[in-house]
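One structure is given below, encoded as structure tokens.
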């Protein structure tokens, strides 16, 4: 009793668990229950029940309502889909002038709008792409196909790779100095020599459109939210859902609206990249100290100057993290949007993975990661650049970068021209190394994979089988064994204990949505995989983080490693695990663990680092040992921050689980992937995505509430 | 006074939703307590005063006394709830945004407690900032900023970033920035409070030196009574939004108007604050000693000389005319006597 008085929460938790388990045992598994592999709406099965709501017929397998709730929201995806179709094809027809056939045409408003956006995006992408690679589309956009076909010179010639490489190196030098310059040059040379030039430039052109647009939109929306409470309140729920929504899921509805191709990819990328940019802009602007704002006002800033000369530069730390995020999202979308026909490295990567050509996939993946790291470093350097007012520069010094670039253009052009005589057989290596003519290490890697397979096959297989039969299958069965009602009680109860009635309602509502959707079983599988990944990641991350934090050098080293790993597009992680474990659940889970360990490690280090040094000294003076200090002082104080890391870990794990569907899992991700190839998949993809987002939000809400209370309790801000 | 640069007439600042309405209902009789019960916080309560050209008014009060709020009303960083504020005869509250910006760009400079430097700009860029905002060409603004750097003694550090400077140096940048546009009115909001005592003293001396040279009209906020005594031409002591007393340092020390003010003055070493003029008596035809002292001398500086005399000492003004007398016993009385129940 003493114990209970001391820890009232402990009693509540015990009570909750008791209720949960008694519910689990009280409600039997119905005899007819089985995990549904196919999609219910495609199966004509006399055992199915049906109902009709809002004119949509929903078919499902009915069970005892305590075991699985009926999918009362089953009409929602169909309804969304039909509404989208209606909007796109019938609503508000308007007349517009079609210049290509010289007459008026009638089209629905929404379709017309999306077509206009589409053609604008296409123009932007093609423009940059043709500067880099050459082509006629841009000229066509200003004239006509007739014009181009009658004048063969009317096209953009494209830049030889030598010029782009030199340009990148000079830009690197201008922004930050020798180091970045060498790195930029090497990356470009590598890409070219290894025959990835064309797809890389296609990806680059896509990113050079998507990233600045996302940045601009995110920044301006962030500013608007900062200025107006109303805008913020309207944006906030969307931002929250988008933060935990898997990028995959956005593909489907966007495909319905904008079709397939690079332009759709850009739009989707923007949809995914803008929310974190908004949030970080808002966070940064909120963090500017009022005195700095007042100083700006007293210096006589008008509103515009105050925003762009004072607020934004002062908040640049957070805004830069936003830029960083935008770039990361762009690259990971560059791969994912290959599913809807975006050209470039992502497409090659996907193709190679499909053919199980690990070597090729690795090369493409490496190129994406290298470009990602390069752009990340350049954007950082650009933001930190300074001006020198007193350098008494000569004309040459002042314009040396421009002069060098001019020289590079000249030499590159001459080389490319000379090359056209030298390489007679059709490939001008000094202009562009064709895709299959570069040096390729694919064979080497493939042989390596074969060797690994041959050598370790038994070991890997034993491990694999053991993991699947002894750990994964039972865990999965346990998750599926939970009656829906018991799960709901557990979630609501946890919400109540942690955050009170408000939190209970929020998480309960989120869970209820999933329970009423037709995909509860799938959601359970997703959760099981994510849980497994998160637990493993947290163990690894906290141990690695704690060990590294003991020493300044290992700390910095580990943080740098985290930075680099975070820049890899999520898809890239699938390559090495497929190399080792083939197409199994184990592969997905290991990818999940590797990916989700990044935030776990980072937040452990940062959390431990944030413990005030005065406390270290105080503890040491009280005569604690190193271990005691770690467990009695540092962990308890760092715990709130580490829990925020857990939050990130969960989001990362969920994303990876969903992407893992590409290897083949039986969770929500699989359905999202299927919805991609389904003409009427728009609504389904969206609702599936929302389900995943809600799983994330449940944990997010619980953890955040707990962290806030805990921080208040500990008096840390 | 006709040459008042800053003039306030019953300025009120009340935070809260129904502040305006409640103020009207209160009919000028604002009681902080009743307002607080209704969810409003009284920042400034019926402040009226003038600051004339070249004068330094120090507003002194403890935290929460409304001194910073008062300053922000006068610089219009917040809008006063009621009352009139005139800057060089111009009604501040009637200015539109554009005119206000114009005023700030040319007439006002402000220094902040936490320095409020722009972290992404170097010392030089920070100082040049108000000029560049005004639209001065880069080269001119940088040259002007360089002059300012020299003025505050930061030469050689102009390309440092604020984070690379010590607190005192950062505040020098803040001071230089506020002076870059050569404002007539200078607001300083606890500029030295975040500095450690030695640096603070150094900065105060530096500040006096600058003021000697620049002769700005100054409103200086502080919570440190000693600082107020050291710098001020006149001191306004605030409590709960009300100006308890506004007078010269000497008069405040000699005649504290309220119990609250008295608490501050009790601990003050009078000989360091008062000048001979404050304690002299009218000249009568008594027998004077040979010693003559100037009426503007601080007591501390001449106390020893006066105390070595037996008879009263003649007090003279700049024209060598005798304007009063001081008896040595008066000095002893001022320094040691009746601190608790003086006057």
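Protein chains in written order, with this note's numbering: chain A, 1 to 717; chain B, 718 to 1060. We treat Cβ as the ideally placed atom computed from N, Cα and C, and that holds for glycine.
I want to see whether chain B comes within less than 8 angstroms of residue i, judged by CB atoms only; does it?
i, result
"residue 292 (chain A)", "yes"
"residue 177 (chain A)", "no"
"residue 307 (chain A)", "no"
"residue 476 (chain A)", "no"
"residue 6 (chain A)", "no"
"residue 299 (chain A)", "yes"
"residue 310 (chain A)", "yes"
"residue 286 (chain A)", "no"
"residue 302 (chain A)", "yes"
"residue 481 (chain A)", "no"
"residue 114 (chain A)", "no"
Leaving out five residues on either side along the sequence, give the residues of the same chain with a beta carbon under 6 angstroms from the beta carbon of residue i.
i, result
"residue 841 (chain B)", "862, 875"
"residue 933 (chain B)", "903"
"residue 367 (chain A)", "191, 196, 200, 345"
"residue 30 (chain A)", "63, 64, 67"
"residue 493 (chain A)", "16"
"residue 782 (chain B)", "955, 956"
Would you call residue i buried or exposed, if buried means 16 or more other Cβ atoms sit within 10 Å of its Cβ?
i, result
"residue 641 (chain A)", "buried"
"residue 1030 (chain B)", "buried"
"residue 348 (chain A)", "buried"
"residue 880 (chain B)", "exposed"
"residue 530 (chain A)", "buried"
"residue 857 (chain B)", "exposed"
"residue 1057 (chain B)", "Low local confidence applies: a pLDDT of 49 at residue 1057 (chain B) is under 50, so the model's placement there is unreliable, with the coordinate-based value given in what follows. Looking at its Cβ environment, which holds fewer than 16 other Cβ atoms inside 10 Å, residue 1057 (chain B) is exposed."
"residue 457 (chain A)", "exposed"
Taking Cβ positions only, does residue i come closer than 8 angstroms to chain A?
i, result
"residue 794 (chain B)", "yes"
"residue 773 (chain B)", "no"
"residue 960 (chain B)", "no"
"residue 1124 (chain B)", "The shown model of chain B, from 718 to 1060, leaves out residue 1124 (chain B), and the question about it has no answer."
"residue 851 (chain B)", "yes"
"residue 830 (chain B)", "yes"
"residue 912 (chain B)", "no"
"residue 981 (chain B)", "no"
"residue 987 (chain B)", "no"
"residue 1059 (chain B)", "For residue 1059 (chain B), the predicted structure reports a pLDDT of 46, less than 50, and the residue's modelled location is therefore unreliable. A value from the coordinates is still provided. Not one chain A Cβ lies under 8 angstroms of residue 1059 (chain B)."
"residue 718 (chain B)", "Its pLDDT being 44, under 50, residue 718 (chain B) is placed unreliably by the model, and nothing is read from it."
"residue 940 (chain B)", "no"
Near residue i, what residues of its chain come up, given a Cβ to Cβ distance below 7 angstroms and the 5 sequence neighbours on each side ignored?
i, result
"residue 528 (chain A)", "475, 476, 479"
"residue 975 (chain B)", "961, 962"
"residue 733 (chain B)", "756, 757, 758"
"residue 800 (chain A)", "Here chain A covers residues 1 to 717 and nothing more, so residue 800 (chain A) does not appear."
"residue 800 (chain B)", "725, 726, 727, 728, 729"
In its own chain, which residues sit with a C-beta less than 8 angstroms from the C-beta of residue i, not counting the 5 before and 5 after it?
i, result
"residue 24 (chain A)", "481, 482, 483, 486"
"residue 798 (chain B)", "729, 730, 731, 736, 737, 740"
"residue 514 (chain A)", "520, 523, 691, 694, 695"
"residue 1003 (chain B)", "1028, 1029, 1042"
"residue 639 (chain A)", "607, 710"
"residue 718 (chain B)", "Low confidence applies to residue 718 (chain B): its pLDDT is 44, below 50, so where it sits in the model is not reliable, and the reading given next is rough at best. Excluding positions up to five away in sequence, the list reads 767, 769."
"residue 1127 (chain B)", "In this structure chain B extends from 718 to 1060, so residue 1127 (chain B) is not present and cannot be described."
Check: Which residue spans inside the region 959-992 of chain B form an unbroken alpha helix (DSSP H) run of at least 4?
Finding: Correct list: 966-971, 976-983, 987-990.
Check: Between the region 865-880 of chain B and the region 787-796 of chain B, are three or more C-beta pairs nearer than 8 angstroms?
Finding: No contact exists between the region 865-880 of chain B and the region 787-796 of chain B.
Next item on the list: Assess, as a yes-or-no matter, whether the region 1040-1051 of chain B is touched by the region 995-1011 of chain B under the definition of 3 or more beta carbon pairs within less than 8 angstroms.
Entry: Flag = yes, the region 995-1011 of chain B and the region 1040-1051 of chain B touch.
Next item on the list: Counting only runs of 4+ residues fully inside the region 800-838 of chain B, write out the alpha helix (DSSP H) ranges in chain order.
Entry: As summarised for the region 800-838 of chain B, the continuous alpha helix (DSSP H) elements at least 4 residues long and confined to that stretch are 814-824, given in chain order.
Margin query: Which runs of the beta strand (DSSP E) at least 3 residues long sit entirely within the region 872-956 of chain B? Give them in chain order.
Written below: As far as the region 872-956 of chain B is concerned, its whole beta strand (DSSP E) runs of at least 3 residues are 902-906, 934-939, 951-956.
Checklist line | Whole alpha helix (DSSP H) elements within the region 280-349 of chain A, 4-residue minimum | finding: Fully enclosed alpha helix (DSSP H) runs of 4 or longer: 290-298, 316-336.
Item checked: beta strand (DSSP E) segments (min. 3 residues) lying fully within the region 438-466 of chain A -> Whole beta strand (DSSP E) segments, 3+ residues: zero.
Note to self: Does the structure place the region 635-655 of chain A close enough to the region 571-580 of chain A that three or more beta carbon pairs sit under 8 angstroms?
What the structure shows: The count of Cβ pairs closer than 8 angstroms, one atom from the region 571-580 of chain A and one from the region 635-655 of chain A, stays below three, leaving the stretches out of contact.
Next item on the list: Please confirm if the region 228-248 of chain A is in contact with the region 160-168 of chain A, defined as three or more CB-CB distances below 8 angstroms between the two stretches.
Entry: At 8 angstroms Cβ cutoff, the stretches do not touch.
Notebook entry, point to check: Touching or not, the region 210-223 of chain A and the region 649-660 of chain A, by the rule of three or more beta carbon pairs under 8 angstroms?
Noted result: The region 210-223 of chain A, when compared against the region 649-660 of chain A, does not touch it at the 8 angstroms Cβ threshold.
Item checked: Minimum length 4: unbroken alpha helix (DSSP H) runs contained in the region 596-670 of chain A -> Within the region 596-670 of chain A, the runs of alpha helix (DSSP H) that reach at least 4 residues and sit entirely inside it are, in chain order, 613-621, 635-659.
Item checked: Complete runs of the alpha helix (DSSP H) confined to the region 749-774 of chain B [at least 4 residues] -> Every alpha helix (DSSP H) stretch that sits fully inside the region 749-774 of chain B and reaches 4 residues is listed by chain position as 749-754.
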